[in-house]
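Student:
In our numbering, the protein residues as written are 12 to 117.
1. Straight-line CA distance for residue 61 to residue 77?
2. Quick check on residue 22: buried or exposed, where buried means 16 or more other Cβ atoms within 10 Å of its Cβ?
3. Rounding to the nearest angstrom, what Cα-Cα distance links residue 67 and residue 41 in this structure?
4. Below 8 Å on the Cβ atoms is my guess for residue 96 versus residue 80; work out the distance and round it to an integer in Å.
5. To the nearest angstrom, how far is the alpha carbon of residue 106 from that of residue 84?
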């Protein structure tokens, strides 16, 4: 498959004349980014910052309930996923999380 794709790409490249693009016509394309991650979840404090409940291993009563717990960002806006993470952690803090919602109902 790699050889086929490489050959097809080489044929396409040879068939299309190259030209230098120095400017774009039309209005600028808006862009944005969602910076996420940095607070890895896990069971081992040596390799993670938070436990599965969003609680910091090294500080009492400190929780992360935002996109810092994400491993990576997906292909769309993260707002609803951030809200779901925050709600899950809030339910855990208030004891409202049940086994069916992924919690241990502590």
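The C-beta atom is built at its ideal place from N, Cα and C for all residues, glycine as well.
Tutor: This is what the structure holds:
1. Cα to Cα, the separation comes out at about 12 Å.
2. Exposed: under 16 other Cβ atoms inside 10 Å.
3. Here the C-alpha atom of residue 67 lies approximately 36 Å from the C-alpha atom of residue 41.
4. Going by Cβ atoms, the distance from residue 96 to residue 80 rounds to 6 Å, so yes, they are a contact pair.
5. Looking at the two C-alpha atoms, the distance is approximately 29 Å.
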